[in-house]
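Counting in this note's numbering, the sequence shown runs from 194 upward without gaps. Below: one structure, written as structure tokens.
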Amino acid sequence: MFKNHILYPLLAAHQEAQMSSKKQSFFIIFVSLFFLFSFLELNKANPSVFVTPSPPSSIVSGGYWKLLQSSIGISAMHVQLLPNNKVIIFDRTDFGPSNLSLPYGTYCPGSDCTAHSVLYDVDSNTLLPLRLVTDTFCSSGSLDHDGTLVQTGGFAQGDHLIRTFTPCDSYDDCNWNELNQTRLVDRRWYATNQVLPDGRIIILGGRRVFTYEFYPKDDFLNNNKSTYLQFLVETRDPDENNLYPFLHLLPDGNLFIFANKKSILFDYRKSIVLKQFPLIPGDDKRNYPSTGSSILLPLRLSSTGPPVVEVLVCGGAPAGAFLKADKMKVYVEASRTCGRLRVNDPEPQWLMEFMPMPRVMPDMVLLPTGDVIIINGAANGTAGWEDAVNPVLNPVLYSVNEEPDRRFTVLSPSKIPRLYHSVAMLLPVGSILVGGSNPHTSYVYTGLYPTELSLEAYNPYYLDLKFNSIRPSIISVESSGSSVLYGQRFGIAFSLSLYKQGEAFAALISPPFTTHSFGMNQRMVALKTASVVQLTMFEYKLQVYGPINANVAPPGYYMLFVVHSGIPSHAVWVKVT
194 MFKNHILYPL LAAHQEAQMS SKKQSFFIIF VSLFFLFSFL ELNKANPSVF VTPSPPSSIV
254 SGGYWKLLQS SIGISAMHVQ LLPNNKVIIF DRTDFGPSNL SLPYGTYCPG SDCTAHSVLY
314 DVDSNTLLPL RLVTDTFCSS GSLDHDGTLV QTGGFAQGDH LIRTFTPCDS YDDCNWNELN
374 QTRLVDRRWY ATNQVLPDGR IIILGGRRVF TYEFYPKDDF LNNNKSTYLQ FLVETRDPDE
434 NNLYPFLHLL PDGNLFIFAN KKSILFDYRK SIVLKQFPLI PGDDKRNYPS TGSSILLPLR
494 LSSTGPPVVE VLVCGGAPAG AFLKADKMKV YVEASRTCGR LRVNDPEPQW LMEFMPMPRV
554 MPDMVLLPTG DVIIINGAAN GTAGWEDAVN PVLNPVLYSV NEEPDRRFTV LSPSKIPRLY
614 HSVAMLLPVG SILVGGSNPH TSYVYTGLYP TELSLEAYNP YYLDLKFNSI RPSIISVESS
674 GSSVLYGQRF GIAFSLSLYK QGEAFAALIS PPFTTHSFGM NQRMVALKTA SVVQLTMFEY
734 KLQVYGPINA NVAPPGYYML FVVHSGIPSH AVWVKVT
């Protein structure tokens, strides 16, 4: 609908480079007119839908990019941050050698003595190559309550496998366990995982699979089987736009499931659909291969009542876009809308907002401040092999609590395209790890969008040195045996040069398993504050309450941040139990 606008070329040109202040002013005027025309068109087609056009502010200088590794030897298709500040990164194993050799003496399956997985040490910026044999192509995962990665499914001989990886430090101790005798009931390729309040993991969907199942398996719980879910059949279309469904655990203990354009409230214990939410407005599809992204907005705990529960869905591609890109190499403009749904309203309705630019294959990352970074992706096409063009190099800040017409801010661009099979995730220092991009069936180092082996970090504005005086630093966490207990009060000692009264809070952020533009299990819980007490001239104690229950924060490891005047500390790891 939008690419026929007379102003569309101006938007496309915005991706090429940063502009002078005069050019930026003209750009903003033109974009404002563009959004006005688009707003009128969409409301004409959907008169009952409230749509807020959001022209972008100028590109800001806050935030900067840093290249961490020019090559890690593999392309980062899947990533998981572990609670020892290491990141397990892996690709697929069915396309031939990678660009990183395994250590001498390592057993090599067949003739392939290259690594398809690495362990990245965040603190030292170093790598450890790992042997991975079974095919993890387009798989899923979650951390269990002890911090072990439970990694599920994949392709071909790997599609029924359950692998594990336990946090480790040395090469001798760091090994994938691919010999788990427990297997998945159904094949899981393009499935989604979510940790549940009882510590189990639900694995849902997959290509031509319309069921869900649980891990670990337990005969007593009668979960040694899979369960049919009609919703997955209803959301399948000719493009199969219901893969990697968006899955969020809600504070009432039920699941929000989104696929294609539909969403439901689902009681997984009774296998009952409790509510069907309205269709997200517009023609755009939101799940793989018309890949958008979704996030559960921060849950803010207080004494005034239950938290507001909102889901944000951004990006994607119009109906039919995948077949056009994949079969005809015609790359239609991606979606430029976000839908925001307050799921615990009595009659929820989507609030539609315009992003500053179209984007397919975006990653969405929760920041400790409670805001969201939208990053990576392309302006045209879909996910798939060489099915997208026009990389979107600028991240966008989505300010959750701003007025709708002021929520989006365009940030400084990267120089590296991140298209299909790219990833982004929050690190404990508050920066965003960005890697991957391989839109080819093998590693290809030539052409317009070559296979990308680098790792870089986007450092948001709050990491600027000018904020050091108001940046808190956590000294200690006074809790029961280094664990945070549900509903129990505990203290966080922190130091600070310049304290502003009433401007501090603590937040828990779970480390997501990220692949294909979705951070599985990603959630932020802003804890209820009891008090802030000054201990010395520059030291303070923040008294907070642990999460209400396991529905709000499932058991496991979280990054704990203290945020003061909008500036977060570095995180420390705590175990919620």
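Cβ atoms here follow ideal geometry from the backbone N, Cα and C, with glycine treated the same way. All figures in this text were calculated on a predicted structure; none of them were measured in a lab.
{"query": "Whole runs of the beta strand (DSSP E) within the segment 344 to 405, excluding any shorter than 3 residues", "result": "355 to 358, 385 to 388, 394 to 397"}
{"query": "C-alpha distance - residue 461 paired with residue 683, whole-angstrom precision", "result": "33 Å"}
{"query": "The segment 641 to 653 touching the segment 617 to 630, judged by at least three CB pairs closer than 8 Å", "result": "yes"}
{"query": "Residues near residue 764 in its chain [Cβ-Cβ closer than 7 Å; skip 5 each side]", "result": "621, 752, 753, 754"}
{"query": "CA-to-CA distance, residue 375 to residue 343, given in whole angstroms", "result": "12 Å"}
{"query": "Span separating the alpha-carbon of residue 487 from that of residue 449", "result": "11 Å"}
{"query": "Simplified DSSP assignment, three categories, for residue 424", "result": "helix"}
{"query": "Runs of alpha helix (DSSP H) lying entirely within the segment 557 to 589, each at least 4 residues, in chain order", "result": "none"}
{"query": "Nonlocal neighbours in the same chain, by C-beta distance under 6 Å from residue 677, ignoring five residues either side", "result": "739, 767, 769"}
{"query": "N-terminal and C-terminal residue of the beta strand (DSSP E) that residue 512 is part of", "result": "Note, residue 512: premise wrong, no beta strand (DSSP E); not H, not E."}
{"query": "Three-state class that DSSP yields for residue 716 in the structure shown", "result": "coil"}
{"query": "Among 257, 262, 367, the one whose alpha carbon lies nearest that of residue 299", "result": "367"}
{"query": "Coarse secondary structure for residue 521, derived from DSSP in three states", "result": "helix"}
{"query": "Residue 669 classed as buried or exposed, judged by whether at least 16 other C-beta atoms fall within 10 angstroms", "result": "exposed"}
{"query": "Distance, residue 318 Cα to residue 733 Cα", "result": "32 Å"}
{"query": "Reduced DSSP secondary structure (H/G/I, E/B, other) of residue 704", "result": "coil"}
{"query": "Start-to-end residues for the beta strand (DSSP E) that takes in residue 288", "result": "That residue, residue 288, is in no beta strand (DSSP E); it is neither H nor E in DSSP."}
{"query": "Touch test, the segment 394 to 412 against the segment 541 to 557, Cβ-Cβ under 8 Å, three pairs minimum", "result": "no"}
{"query": "Cβ neighbour criterion (16 or more within 10 Å) applied to residue 431", "result": "exposed"}
{"query": "Through-space distance from residue 590 to residue 556, alpha-carbon basis", "result": "12 Å"}
{"query": "Three-way DSSP call (helix, strand, coil) for residue 663 in this model", "result": "helix"}
{"query": "CB of residue 398 within 7 Å of CB of residue 360, strictly", "result": "no"}
{"query": "For residue 655, three-class secondary structure by DSSP", "result": "helix"}
{"query": "For residue 598, three-class secondary structure by DSSP", "result": "helix"}
{"query": "Beta carbon of residue 518 nearer than 7 Å to that of residue 575", "result": "yes"}
{"query": "Exposure of residue 532, with buried meaning 16 or more beta-carbon neighbours within 10 Å", "result": "buried"}
{"query": "Between the CA atoms of residue 347 and residue 304 - distance to the nearest angstrom", "result": "21 Å"}
{"query": "Length of the line joining the Cα atoms of residue 136 and residue 309", "result": "Outside the shown range of the chain, which is 194 to 770, sits residue 136, and nothing can be said about it."}
{"query": "Secondary structure of residue 331, DSSP reduced to three states", "result": "coil"}
{"query": "Buried or exposed (CB count within 10 angstroms, at least 16 for buried), residue 417", "result": "exposed"}
{"query": "Close Cβ partners of residue 609 (< 7 Å) along its chain, the five nearest in sequence each way excluded", "result": "645, 647, 649"}
{"query": "Distance CB(residue 378)-CB(residue 419) smaller than 7 Å", "result": "yes"}
{"query": "Which of helix, strand or coil DSSP assigns to residue 418", "result": "coil"}
{"query": "Run of the beta strand (DSSP E) containing residue 441, from where it starts to where it stops", "result": "439 to 442"}
{"query": "Residue(s) in a DSSP beta bridge with residue 685", "result": "670, 735"}
{"query": "Reduced DSSP secondary structure (H/G/I, E/B, other) of residue 502", "result": "coil"}
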